[in-house]
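One structure is given below, encoded as structure tokens.
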RNA sequence: CGGGAAGUAGCGCAGUUUGGCUAGCGCGCUUGGUUCGGGACCAAGAGGCCGCGGGUUCAAGUCCCGCCUUCCCGACCA
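In this note's numbering, the protein residues as written are 364 to 811.
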């Protein structure tokens, strides 16, 4: 991409309505723009990152044996009445009447839809197991959207659903998804932790959350310093019921210890009774063992080998796709801007011919850029007629992992400079070796 | 939904206390010139229903009433 032709409206100053660093930087760095509270447009760079995240998710879902589908965002309310969740989720559901007077809603989640789909199309144990997933926009009428795309009313979720004949099958499907989640967050470069969680409105049995520790995180979790057991605030406050922990976790501390928003330092590990570290975290993924909570009311049943009718055992697995962007920015930034990992960066390399009016600089820049593209490197060239400072600042702000700096002085010695955004370390290389060196640098960064 | 703050040019702001505005400043934008390795400089320009509606007044960006929107804290939350 040539910068001069791209739509990358970076901002010099923090937007007036942004408070947290990820929100400020995502707006300043031309990733997103707000339309209204809780609804954001993804600009070309933001969408490109989103696409890279989705690519990683798709690869890992496929590797785990899940198949992609796409369900409607528009649901008939009757479907929700069958499970009673039209009441449970009444507050967050966006509802309306169509011209016929029928009540519809915009899907806040998709258990009902996918379960009714499977109910109508699976009838034998031979059809099981199956895991289906989609990447789709969800709608939730948040009381208070905040922090940019961290809590929005319209957001992109990857939601997967497993259908098994029995509990053993569910355990296997669950483990497979859990492992896939670990690989996804690792590939996104996120320092995630997993904790036992409260299933909340989803219902069902055991549940895990994938959390990114960071100061602005809205969710508190405790992680045991001794045995490493991690659990969400709700579980630590309520005490883990037996049904929730497969190891039969003992009851947690009494709520008197941990009342209010602060869990405090007195919180003790429900497993080994040692002290826990309390962390603020952003939830980026959540897995649930649903059992028959949805298959029962929606009659998702199959015939087993003996001809008996049985309910399908379900699991469900969500990832907040756009939260991955915000969480990455929140955990990887410095005074100059964002710092993207190679796997997610909107472009892997930005080529900076520092002065386009110097023929040699311009020509060398375009040549190097052309070769990078030829070699399959995802590159952008800052071919704008701007001064060096503008180019450095914009590339730093957006946070491309590598910059190739082409200046008049270096060219006299046949050299250009490759700079790593994160460390600011740079190396001068011969012009003709640039592409080869860039590939080596990128491989090193990928391996971190 | 309770408490707090804010809405003035594309973006960031001042002006509102004490009404006098023919509404400013920085950045960005346009044209010309000089610059050119960390957000250049000079000159000349374009760009405003001062959130919306009503009221008070000779006069409202400024005062009063109502509404809308946004942000923060809380409650809530997959």
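The C-beta atom is built at its ideal place from N, Cα and C for all residues, glycine as well.
### Task
Could you pull out every residue in the same chain whose Cβ sits closer than 7 angstroms to the Cβ of residue 469, ignoring the five residues on either side in sequence?
For the purposes of this step, residue 469 is taken as residue 106 along the first chain, with counting starting at 1. 436, 437, 457 and 502, listed in sequence order.
### Query
The alpha helix (DSSP H) spanning residue 507 covers which residue range?
Locating residue 507 in the first chain gives position 144, counting from the first residue. Note, residue 507: premise wrong, no alpha helix (DSSP H); not H, not E.
### Query
What runs of the beta strand (DSSP E), each 3 residues or longer, lie entirely inside the region 739 to 779?
742 to 744 and 765 to 769
### Query
Unbroken beta strand (DSSP E) runs of length 3 or more, entirely within the region 681 to 734: which are they?
712 to 716
### Query
Under the three-state reduction of DSSP, which class applies to residue 455: helix, strand or coil?
The residue labelled residue 455 in the question sits at position 92 within the first chain. Residue 455 falls in the coil class under three-state DSSP.
### Task
Please state whether DSSP places residue 522 in a helix, a strand or coil.
Mapped onto the first chain, residue 522 falls at position 159. DSSP places residue 522 in strand when its eight states are reduced to three.
### Message
Nearest by alpha-carbon distance to residue 716: which of 459, 392 and 769 is it?
### Response
Here the question's residue 716 lines up with position 353 in the first chain. Measuring from the Cα of residue 716, the nearest candidate turns out to be 769.
### Cβ-Cβ separation, residue 455 to residue 471 (assumed contact under 8 angstroms), whole Å
One-based indexing of the first chain puts residue 471 at position 108. One-based indexing of the first chain puts residue 455 at position 92. That belief holds up - the Cβ atoms of residue 471 and residue 455 are roughly 5 angstroms apart, short of 8 angstroms.
### Query
Mind checking residue 459: buried by the 16 CB within 10 Å criterion, or exposed?
In the first chain, the residue the question calls residue 459 occupies position 96. By the 10 Å Cβ count, residue 459 comes out exposed.
### Message
By the three-class DSSP mapping on this structure, what secondary structure does residue 538 have?
### Response
In the first chain, the residue the question calls residue 538 occupies position 175. Of the three classes helix, strand and coil, the one that applies to residue 538 here is helix, per DSSP.
### Message
Using 8 angstroms as the cut-off, can you tell me whether the region 678 to 691 makes contact with the region 632 to 647, which would need three or more C-beta pairs spanning the two stretches below that distance?
### Response
yes
### Residue burial classification, residue 361 (beta-carbon count within 10 angstroms, cutoff 16)
Since the displayed the chain opens at 364 and closes at 811, residue 361 lies outside it and no answer follows.
### Message
Looking at the secondary structure, which residues open and close the beta strand (DSSP E) in which residue 395 lies?
### Response
The residue labelled residue 395 in the question sits at position 32 within the first chain. Taken as a continuous stretch (DSSP letters only), the beta strand (DSSP E) holding residue 395 covers 395 to 399.
### Query
Where do the N-terminal and C-terminal ends of the alpha helix (DSSP H) with residue 444 fall, by residue?
Within the first chain, numbered from 1, the residue matching residue 444 stands at position 81. Where residue 444 is concerned, the enclosing alpha helix (DSSP H) stretches over 440 to 446.
### Query
Mind checking residue 803: buried by the 16 CB within 10 Å criterion, or exposed?
Taking the first residue of the first chain as position 1, residue 803 is located at position 440. The residue is exposed, with fewer than 16 neighbouring Cβ atoms inside 10 Å.
#### Entry: Straight-line Cα distance separating residue 781 from residue 315
Nothing about residue 315 can be reported from this structure: the residues present for the chain run from 364 to 811 only.
### Query
From what residue to what residue does the beta strand (DSSP E) around residue 639 run?
By 1-based counting over the first chain, the position of residue 639 is 276. Start and end: 639 to 654.
### Query
If you count every other CB in all the chains shown that lies within 10 Å of the CB of residue 484, and 16 or more means buried, which is it?
For the purposes of this step, residue 484 is taken as the residue at position 121 of the first chain. Residue 484 is exposed by the Cβ-count criterion.
### Query
How many Å lie between residue 384 and residue 698 at the Cα?
Residue numbering aside, residue 384 sits at position 21 when the first chain is read from its first letter. Residue numbering aside, residue 698 sits at position 335 when the first chain is read from its first letter. In a straight line, the C-alpha of residue 384 is about 10 angstroms away from that of residue 698.
### Query
Taking the alpha carbon of residue 411 as the point to measure from, which residue in 639, 742 and 788 has its own alpha carbon closest?
As a working mapping, residue 411 is identified with position 48 in the first chain. Cα-wise, what sits closest to residue 411 is 742.
### Task
Could you tell me which residues DSSP pairs with residue 494 in its beta bridges?
The count along the first chain starts at 1 and reaches residue 494 at position 131. Its beta-bridge partners are 525.
### Span of the beta strand (DSSP E) around residue 791
Taking the first residue of the first chain as 1, we reach residue 791 at position 428. From DSSP, the beta strand (DSSP E) with residue 791 extends over 789 to 793.
### Message
Please identify the residue among 633, 652 and 507 whose C-alpha is closest to the C-alpha of residue 526.
### Response
Within the first chain, residue 526 is the residue found at index 163, counting from 1. Closest option to residue 526, Cα to Cα, is 652.
#### Entry: Burial state of residue 425, where buried means 16 or more other Cβ atoms lie within 10 Å
Position 62 of the first chain, counted from the start, is the residue given in the question as residue 425. It is exposed - the Cβ of residue 425 has fewer than 16 other Cβ atoms within 10 Å.
### Query
Which residue's Cα is closest to the Cα of residue 805: 703, 389, 418 and 633?
Here the question's residue 805 lines up with position 442 in the first chain. Comparing Cα positions, the closest option is 703.
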